[in-house]
Structures are given as structure tokens and as C-alpha cells.
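Comments concern the structure below.
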Amino acid sequence: MAPSSVKLQELIRVIRTAKTQAEERGMIQKECADIRSAFRDEDPAFRCRNVAKLLYMHMLGYPAHFGQMECLKLIASPRFTDKRVGYLGAMLLLDERHDASLLITNSIKNDLNHSSQYIQGLALCTLGCMGSPEMCRDLATEVERLLKASNSYIKKKAALAAVHIVRKVPELIELFIPATKRLLGEKNHGVLHGTVILITEMCERSPDTLRKYRKVVPELVQIMKGLIMSGYSPEHNVAGISDPFLQVRILCLLRILGHHDGDASEAMNDILAQVATNTDTSKNAGNAILYETVLTIMDIRSESGLRVLAVNILGRFLLNNDKNIRYIAMMSLLKMVQTDHNAVQRHRGTIVDCLKDTDASVKRKALDLSLALVNAHNVRSMMKELLPFLDNCPPELRSDCASGVFLAAEKFAPSKRWHIDTILRVLTTAGSFVRDETVPNLIVLITNASELYCYTVHKLYRAVLNDISQQPLVQVASWCIGEYGDLLLTGVCEDVEPMQVTEDEVLDVLETLLQSHMSSPATRAYALTALMKLSTRIRDNVDRIRKVVSIYGSCIDVELQQRAVEYNALFKKYDHMRSAVLERMPLMEKGSPNHNDQSALISNGEREGGGETQGGVKLQPPVASQTMDLLDLIGVPDASLPEALPQPLSQPLTGQTGIESSVGGELLDLLGGIDFGGIPSITAYNKNGLSLEFSFQREQGSLLTITLQARNSTASDMTEFIFQAAVPKTVQLQLQAPSGDVVPAMNRGSVSQSILINNPNRVALKMRLRLSYSVQGSSVQDVAEVSNFPAQAWQ
Amino acid sequence: MDSIKIVLCGAAVNKALHVFHSLSQMQFMLLFSRQGKLRLQKWYVPLSDKEKKKITRELVQTVLARKPKMCSFLEWRDLKIVYKRYASLYFCCAIEDQDNELITLEIIHRYVELLDKYFGSVCELDIIFNFEKAYFILDEFLLGGEAQETSKKNVLKAIEQADLLQEEAETPRSVLEEIGLT
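Taken in order, these protein sequences are the chains called A and B.
Residues in the first sequence are numbered from 61 upward in steps of one, following the numbering used here.
Residues in the second sequence are numbered from 821 upward in steps of one, following the numbering used here.
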């Protein structure tokens, strides 16, 4: 005698009384055991109830695969209840990837021909939900036959089953075309709705079919007219609108048929205008129709008047109380801002107002759209809106907003002074959200506005007096104070309130930055270097600087310690060179904010790092190079080498950190460059008198250091020498600062540079070089491949 | 039948989810409580149980984290999510790029109306204890993710008839049971 079976609702009740997950699991396991044995006993009596219970437990997250076959048995049963639960189980537990799903094909086929329309309905529904391509092929003709049935209940379901078939097996499209033409003439909304969807799917997948269906445009227009003009139809009415579901579907099909076709577009022009002007906008249903209408108008060959109508609808949507509508409007406007830029511009005011919207998603879209609308004419007024927005916007939007503002400023700045003011404003209000790569970009920008050095340094100085917490701001400010400190001290600048700044005050500020716990390591490095630079720009307090520098020579931070030690050396042994070393930086090339431009040639795996290195290389060559030359001349340096080992490649590079670490690294590399017996050196390049020799040193694991020496055998110096390199995708490359940019003539010296390579997959090493230099007044550029790396360098 | 080479415009394989995208389709509908308990799940795309669980978990978390004043639409992975809260239940649909979010809200609302009419002032407990009926109603309203019947009356009528069929099938048996003949 089978154990008495718990009723479904009783089981649910009991399971819900479980107080812990463990208790629930216990109940479930017990019930599953009972159900399993009932299944084993092949007792049909409670099969239906047991499967239903299993489906409940499946929803709670427990495995129910042992019920799959039982579903099949239920489907095959003659009882309606069994079939109902069996098909439900099939839809929940089986999908086209299960082999078992094929087994129900036969049952479905039988049930498609059942005398009860409800059973036919179950079969169609299941096929339309989870039918595999094989099942679809097997049953397509049955479904097609049912499309021609006399029963609307069946026809509407068959239409959607056909939709599923067409999605899975597009080759079967042709099969359904004849029936659909007839179905479009039906009065039943369910059938019409399904038919329109079927035609839509067919047209989306087959350009041939699309062409055939263009001729039904007039018929569709008629149906739309009927829906709009018809009086109140209670059956299909939603908020006073007749069948918005069907209207939206027809509009969508019209869009596909009218796309790229002038005649079809013209045929639907009037109805679109009618719908656009007459649809009630007070409820969501009406707005759904208007939204679809706008999408259609924008995607077909509509007259300009109609397009303006569409954009105006969106403009009105922006003022709607319903935030969903505002969001939709924003999204749509964003999609058309490129193609219909002027039309969208007309709504710029409303869009900008939406920056103050209460909804975060709307705000975000408004920001994207506002940034897309900035052009040379409106840049000043747009910034007047965007900058206050930056002050108040939610933190997750700050960094995008800051980047967007920088980009827009870069593209459309009406003047350099405005540009710098805008940058300063962003740095002071959202400084901590600014992306790290902005710092070197901004520095380049500042150096290129030479007439504004005084103004810039004064403004930055004042900003830093107020607030030292925002790292990008502090970094840029330190750099400028270091570079242009002399201008700061002379105190005279037209556009800034006169302010007497003493040397002590400036040094105070820099020392505060050095000592503050708010300063990141990169910031402290900037500050120290700035201090050092000031030693040649001030008169009275050089000793103070000397003292600070020497204190930091024993700083725990290895980075700072290294710099301090070198600057100390500059004070002690190389004092005569100090002013040359620390003089004003030369103008730098404007790097693009988007490092991708260069990345084809210069890659080091991680884009961020690549950008940093490039920026870093450009920022510090004179300092590092002069230092390196000194050490070069004397061989082994006097100053004791810090503990620093070549920094691991995984360290994120920010600002100058990468470069400074390279100095120590290079020292060791110079020593390491003396071939410690191992990998033979190669001549990587030799052309037009310029030769590049690579020597190798393997570090731990997959790391390799290549030291290149560039020599020049021609009669004239090669100046502005720049070496760039790219490596295969899986290899990471990091270029350290070169020792200089002048390759002396007649082999009288060399430029050396370290290349750190990480080759974890041990692929064959290849390198593409790009060299540029000037010789005898003309510039030379060359690209070369190096593929003669010795195997020991990468194996 | 000639085979036709079809180019599926915009079809993409989402490597993470192993789902083939058409251009406009409801991919799934989830109902869950404010505590994140799943009350109904209808999937219109083939996914493994594991993938379904992962999607459910992540999406439920994302939706529950939204504040009440936020709008009903969000972009999640490469889908558009339309959700609305009715009392203690979240109704959440995943649609594709070309789908109309506003009409999806109407679909959700229509389903809630159907449940409400059927159960008489529906509440979460109704859906918990009669989950199979909630599925039956859904399957009478949507097929393959699309609305099959746009008249509320017709959907309810069909459900009513099907329920009658079920009762007719069951009643004779219980009578027999009562008199001990099974």
C-alpha cells in the first residue's frame, strides 16, 4: 500500500513552517524520497500531484530532474489535469538542450490534433515556449495547418507557436507566408496580434520576405485607422485607448516595412501623423503608442515635418511627470543625437534641466545627452550648467562628468585661459573623481599655454592653500609650483588678485604636502621634485630645501628615499649641474586624452600602464636623463643604492612613479647590462648610421630586462631621439626613461634605455620598433621589426 | 523547399549566458518577494539550471537594491529590465534592445489584473499556494513571451473553461474513491 500522499497545498504550508534552511532541506528531502518511491511504483494515481509538488520544490531551488520522465507520462495521459501539469513540468524542467525534450514531440503532435481546444492549446503553448529546432521541424506542418483552423482560440496560439518556429528554424519562413496573408483579414484581435508578430519576425529574418510584405502596408494602415477611429470597445480598452498592444505591434511592423523604402514610408505617413497628434498622453498606454510611433518615424523615410513632430513628442516626454517617460525620452534622444543633431539641439534647454531630475537614471542619461550636445557655439553656456552639476551630482556620475567636461573643453575651448579655468574648476570641485591619466594630460596642456604660466600657478597655489585632499589637483599644483615657482614669487599677474607670496610660504605648502597623511605616495613624489626644482628658482631658502631633501634620504617610502638620495647627490657632487638639470621643461607634445591613438605602436598590455608610461616618459626625461648621464660618466655612483629592486610590472603606474622607480631600476640594469654571462646580446637595428644593441637579463620567472644602447656613427649628432616599441599581445612591455635624447656623433657616447618585458606565456619574442630623431635639421622616422631575439630571452 | 540563407541582423552570442538574441523578445519573467524569494519564473530562452540560478540571484539583488523613487527600467548586462512592484511582489521582465519598455509595463499590469480578477484581490499568499494556477494564467496570456490575447475577458474565460475541464476530470474519481472502488 503506497504511503498516503501529501496534498500540494499541505506540503507548501508545512515547508513554510520551517525555521531554518536546514529544516527546510530536511522536509524537502523526505518528501522527495516519498515522491521518488511513488514514481518507482509507477502509480498513476498521485503522479500529477507529485509532479506539482516537485515543481514547487524546484522553484525553491532544489533539484527535480528525476521528475522529467514523469512529466512525459503525464503528458501522455488522457486526463486533462495530468496534461496540464505535465506540460507545465515540461516547460519548467526541460528545455531544448535536454534529449528528453524530443520524447514529447509525439505527444505534442497527438495533442495538436486533439478534439479539445484546451489540450491543443497546451501543446501549442509548450512548443512555443521550449521547442527545439528538431521539434519545430517535426511539427511545423501541424502548426501551419492549425493557422487555417476555424477556431480563433487555436489560430492565435498557432500564430505565436509559428513565431517560435521561425525564430528557431528560419528556413521554415516560406511555409507560413500563405496563411498569414489570410490571417491579416481577421477581426479577432488575438489572431491579428499574433499574425503581426509573425510577419514581423519573418521580415526581420528574411530580406526577401520583407520585400513581399511591403504590399500589406495599406492593409496595416487600415487596421490602425480602425483601431483609432473605433468607438469605445470595452473588450480591448486600456485607459480609453483601443488595444494598445496591437497598435504598438502594427507600428513596429510598419517601421520594418518602411525602413529604407520611400514608397512604403509614404503610404504610412498620414497614419503616423494621425497617431502622433491624436493619441491621449495622460496614461502609460497612450505614451507607449507614442513612443513606438516616434521610433517608427525616425527609422523610416519620413518627411522632415514628421520627424520634427517626433522629436517634439520626445521633448514633451521630457516634461512628463512620470519618470519612466522622461527616461524613455532621454534614451531615444541619445540614440538620435548623431543623426538628427539639430532637432535634438532644439530641446537642449529641457535636457539640461533634466540634469536636476530627481531620478538617478534620468540624470545619467541627461548627462550623456548634454555632453553629446556640446559644440563650439554652446560650449560656454553648457559648461555653466555642467560645472554646477558636477558640484552636486551623485558620486557615481562624477568621474564620467569630469571626463566629459575635459573632453568637451579640449574640443571646443574658446580660449586657453577658459580651458585652464575650466580644468581648475573641475579639479577643485571633483578633483578626487578625476581619472589618474588626466594629470599628465593637464600638465601638458598647461605647459602649452606659456602666456598663462603666471596665472595658472597663482590659481593653483590658491586652490591648494584651501584644500590639499584632492590628489589630482595637488599633483598638478605641485608640478606647476615647482616649474613656475619663480613666477609665483614675483607676485604680479593681471587677472589674479595681487598676493604677496614669500619663499617660506611656498616651501611651507610643499612641505605640508610632503608630510600630510592625505597625500598619496605619488603626490609626495611630485611635491619632493617640486621642492627640488625650486632650489634653482628661489634665492634665500636653498638650505631649507637641502635639509628637507636630506631628511627624506632616509624615508621609509622607498620611492621618496630614492629620489631624495639622488637629489642629495645633485646638491653635493653635482651642484654645478643643478641649475641645468632643473631648468624649465621643454614644451611637450600634446598627447591625446585617448591613449588608444598611440596604442597600436606603443603597447604594454595594460592600456592604463601604457598611457602612464608614455606620459611619464615625456614628463621627466630631462631630470632622469641628466642624472643618468652623470652616473654614466662616472660608472658606479657614489650615492649608496637604495634597497629598491626593479619594480614588478604588476604595480600600477601613476604619474611619475613608474619613471622614478626606473631610475633605481636603471642603475641596477646598467650594472646588470654588463653581460653576466647568459644571454647573448643582439644588434636589433642598424641603419643610416644608427645602431641599437639589445642586451638581456632574465629576472625571476617570466621577466626579462632588455637594455638598449643606441649609437650613432655618422658625423652629426642625432637629437630628439625617441624609441618606441610594441610586442605581441600576450607580452607586456614597460619602457623606462631613456638616458637622454641625443645620440652623439661618431660613436662618442650612447643613449641607453631599459625595456622591462613580462612574457608569462613564453611566446617567441618579437618586437616592432618605431624610431624618430633629427639629424642635420631634418627629422627621420623609421619602423623596424626585431625577430632575432635569442631563444634564452623568452623560453 | 529551398533553403534560404538568412542573415540574422543583430544576432549575437552572449558568451557568458549562451543565449542567442533575436531582435525583440521577452527573454524571461520573474516574480519575487521583497526578501528575494522566487515566486514564479518563466524562461523563454534555453539556459541551464545553473545559469538561471545565477541570473536570478544577480538580478534579484540588483532590483531589490533600487530605491522606491527610481524608474522602472534599467540596463542589465545586455538586456533591458522592466520591473514594477505590486504590494510585496516584484514583477520583473527582461526584454531585448528593440522592445518597447512602456508596453512591457502594460503587459505586466495586465497580468496582475488577470491574477487579481481570478483570485479576487490577489495577494502574495495566493501566488504561493496556487503557483501552478499563476502559471496557467500566465500561459493563457503570453505564449513564447508574446501576448496571445489582448482582451482581458477572453483570457479569464479560457482559464475558467480549462478549470471546469479539470474539475470534470477529477470529480468522478473522488466519488469512486469515496465509495472505496479505487
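Every residue, glycine too, gets a C-beta built ideally from N, C-alpha and C.
Q.
Between B/PHE893 and chain A, is any beta-carbon pair separated by less than 8 Å?
A. By 1-based counting over the second sequence, the position of residue 893 of chain B is 73. Yes, contact with chain A.
Q: Taking B/ASP959 as the query, report the chain A residues whose CB atoms sit under 7 Å from its CB, ordered along the chain.
A: On the second sequence, residue 959 of chain B is found 139 positions in, with the first residue counted as 1. Residues of chain A passing the Cβ test: CYS185.
(Q) Suppose you measure from the CA of A/VAL308 to the CA of A/MET328; what does that come to, to the nearest Å? (A) If you number the first sequence from 1, residue 308 of chain A lands on position 248. If you number the first sequence from 1, residue 328 of chain A lands on position 268. Here the alpha carbon of A/VAL308 sits roughly 14 Å from the alpha carbon of A/MET328.
(Q) Which of the three DSSP states is assigned to A/ILE734 in this structure? (A) For this step, residue 734 of chain A is matched to residue 674 along the first sequence. Because the pLDDT at A/ILE734 is just 41, under 50, the model does not fix this residue reliably, and the value given afterwards should be weighed accordingly. In the structure shown, A/ILE734 sits in coil (DSSP, three-state: anything other than H, G, I, E or B).
Q | Where the alpha helix (DSSP H) through A/ASP400 begins and ends | A | Counting from one through the first sequence, the residue named residue 400 of chain A turns up at place 340. Segment: none, A/ASP400 is in no alpha helix (DSSP H) and carries neither H nor E.
Q.
In whole angstroms, give me the CA-to-CA distance for A/ASN821 and A/ALA785.
A. Residue numbering aside, residue 821 of chain A sits at position 761 when the first sequence is read from its first letter. Residue numbering aside, residue 785 of chain A sits at position 725 when the first sequence is read from its first letter. The straight-line gap from Cα to Cα measures roughly 19 Å.
Q.
So, for A/ALA345: in the same chain, excluding its five sequence neighbours on each side, which residues have a beta-carbon less than 7 Å away from its beta-carbon?
A. If you number the first sequence from 1, residue 345 of chain A lands on position 285. Excluding positions up to five away in sequence, the list reads VAL298, ALA299, ILE301, PRO304.
Q. By Cβ distance below 8 Å, which residues in the same chain neighbour B/CYS891 in space, the five residues on each side in sequence not counted?
A. As a first step, residue 891 of chain B must be located in the second sequence, where it is residue number 71. Setting aside the 5 residues that flank it on each side, B/CYS891 has no residue in the same chain whose C-beta is closer than 8 Å to its C-beta.
**Q.** Below-8 Å beta-carbon distance, A/HIS407 vs any chain B residue
**A.** As a first step, residue 407 of chain A is located in the first sequence; it is residue number 347 there, counting from the start. No, because no Cβ of chain B sits closer than 8 Å to the Cβ of A/HIS407.
Q.
Helix, strand or coil, according to DSSP, for A/ILE360 in the structure here?
A. Reading the first sequence from its first residue, position 300 is the one you call residue 360 of chain A. A/ILE360: coil per DSSP, three-state reduction.
Q) Would you say B/TYR903 faces chain A, with C-beta separation under 8 Å as the test? A) In the second sequence, residue 903 of chain B corresponds to position 83, counting from 1. Chain A contact via Cβ: absent.
(Q) Strictly below 8 Å CB to CB, what residues from chain B border A/SER421? (A) Numbered from its first residue, the first sequence carries residue 421 of chain A at position 361. Per Cβ cutoff of 8 Å: MET890, CYS891, PHE893, LEU894.
Q | Among A/VAL787, A/GLY800, A/ILE815, nearest to A/GLN794 - alpha-carbon criterion | A | Here residue 794 of chain A refers to the residue found at position 734 when the first sequence is read from its first residue. Here the closest residue by C-alpha is A/ILE815.
Q | Cβ-based contacts, 7 Å cut-off: residues of the stretch 303–330 of chain A near chain B | A | ASP303, PRO304, PHE305, LEU306, VAL308
(Q) Tell me the DSSP secondary structure of A/SER421 in three-state form. (A) Residue mapping note: residue 421 of chain A aligns to position 361 of the first sequence, counting from 1. Correct three-state label for A/SER421: helix.
Q) Which runs of the beta strand (DSSP E), 3 residues or longer, sit entirely within the stretch 875–908 of chain B? A) 893–896, 899–906
Q | Span of the beta strand (DSSP E) around A/ARG227 | A | Counting from 1 along the first sequence, the entry for residue 227 of chain A is found at position 167. Note, A/ARG227: premise wrong, no beta strand (DSSP E); alpha helix (DSSP H) at 212–228.
Q. Beta carbon of B/GLN986, beta carbon of A/LYS217: below 8 Å?
A. Taking the second sequence and counting its residues from 1, one reaches residue 986 of chain B at position 166. Taking the first sequence and counting its residues from 1, one reaches residue 217 of chain A at position 157. Not a contact, by the Cβ cut-off of 8 Å.
(Q) 8 Å is my cut-off, CB to CB: does B/LEU963 come that close to chain A? (A) The residue labelled residue 963 of chain B in the question sits at position 143 within the second sequence. True, the Cβ-Cβ gap to chain A drops below 8 Å.
Q. Is any beta-carbon of chain A found at less than 8 Å from that of B/ILE923?
A. Along the second sequence, one-based indexing puts residue 923 of chain B at 103. It does: the Cβ of B/ILE923 has a partner Cβ on chain A nearer than 8 Å.
Q. So what's B/CYS912 in DSSP terms, helix, strand or just coil?
A. Looking up residue 912 of chain B in the second sequence gives position 92. B/CYS912: strand per DSSP, three-state reduction.
Q.
Check this for me: beta carbons of A/GLN769 and A/SER812, under 8 Å apart or not?
A. For this step, residue 769 of chain A is matched to residue 709 along the first sequence. For this step, residue 812 of chain A is matched to residue 752 along the first sequence. Yes, the Cβ-Cβ distance between A/GLN769 and A/SER812 is below 8 Å.
Q. Counting pairs of Cβ atoms below 8 Å between the stretch 940–952 of chain B and the stretch 922–929 of chain B, do you hit three or more?
A. no
(Q) Can you give me the C-alpha to C-alpha distance between A/HIS296 and A/SER212, rounded to a whole angstrom? (A) For the purposes of this step, residue 296 of chain A is taken as residue 236 along the first sequence, with counting starting at 1. For the purposes of this step, residue 212 of chain A is taken as residue 152 along the first sequence, with counting starting at 1. A/HIS296 and A/SER212: Cα-Cα distance of roughly 16 Å.
Q | Among A/PRO294, A/SER510, A/MET827, nearest to A/LEU647 - alpha-carbon criterion | A | Here residue 647 of chain A refers to the residue found at position 587 of the first sequence. The residue with the shortest Cα to Cα distance from A/LEU647 is A/SER510.
Q | A/ILE168 to A/VAL229 span [Cα, whole Å] | A | Residue numbering aside, residue 168 of chain A sits at position 108 when the first sequence is read from its first letter. Residue numbering aside, residue 229 of chain A sits at position 169 when the first sequence is read from its first letter. Computed Cα separation, rounded: 18 Å.
Q | Endpoints, alpha helix (DSSP H) assigned at A/ASN41 | A | Nothing about residue 41 of chain A can be reported from this structure: the residues present for chain A run from 61 to 855 only.
Q. According to the neighbour-count rule (16 or more other Cβ atoms, all chains shown, within 10 Å of its Cβ), is A/GLU649 buried or exposed?
A. Translated into positions along the first sequence, residue 649 of chain A becomes position 589. So A/GLU649 counts as exposed.
Q: For A/VAL840, collect the residues of the same chain with a Cβ closer than 6 Å to its Cβ; drop the 5 residues on either side in sequence, then sort them by chain order.
A: In the first sequence, counting from the first residue as 1, residue 840 of chain A sits at position 780. The beta carbon of A/VAL840 lies closer than 6 Å to those of TYR833 in the same chain, with the five residues before and after it left out.
Q) So which residues of chain B does A/GLU130 contact, with C-beta pairs closer than 7 Å? A) Start at 1 with the first residue of the first sequence, and residue 130 of chain A comes out as number 70. Those do not exist, as A/GLU130 stays about 15 Å from chain B at its closest Cβ, beyond 7 Å.
(Q) Closer than 7 Å between beta carbons: that is the criterion. Which residues of the stretch 937–954 of chain B meet it against chain A? (A) Taking 7 Å as the Cβ-Cβ cut-off against chain A, the residues of the stretch 937–954 of chain B that qualify are ILE948, PHE949, PHE951, GLU952.
Q. Is A/ILE506 buried or exposed, if buried means 16 or more other CB atoms sit within 10 Å of its CB?
A. Stepping through the first sequence from its first residue, residue 506 of chain A is reached at position 446. When all chains shown are included, A/ILE506 counts as buried.
Q) Which residues of chain B have a Cβ atom closer than 7 Å to the Cβ of A/ILE388, listed in chain order? A) Within the first sequence, numbered from 1, the residue matching residue 388 of chain A stands at position 328. Against A/ILE388, the close residues of chain B are GLU921, LEU922, in the order they occur along the chain (beta-carbon pairs closer than 7 Å).
Q. With distances taken from CA atoms, which of A/ILE742, A/LEU570, A/LEU415 is nearest A/SER751?
A. As a working note, residue 751 of chain A is residue 691 in the first sequence. Ranking the options by Cα distance to A/SER751, first place goes to A/ILE742.
Q) What residues of chain B sit near A/ALA30, judged by a beta carbon separation below 7 Å? A) Shown here, chain A extends from 61 to 855; a query on residue 30 of chain A therefore has no answer.
Q) Given that a residue counts as buried once 16 or more other Cβ atoms are within 10 Å of its Cβ, and exposed if not, what is B/LEU945? A) To locate residue 945 of chain B, count along the second sequence from 1; it is residue 125. Exposed.
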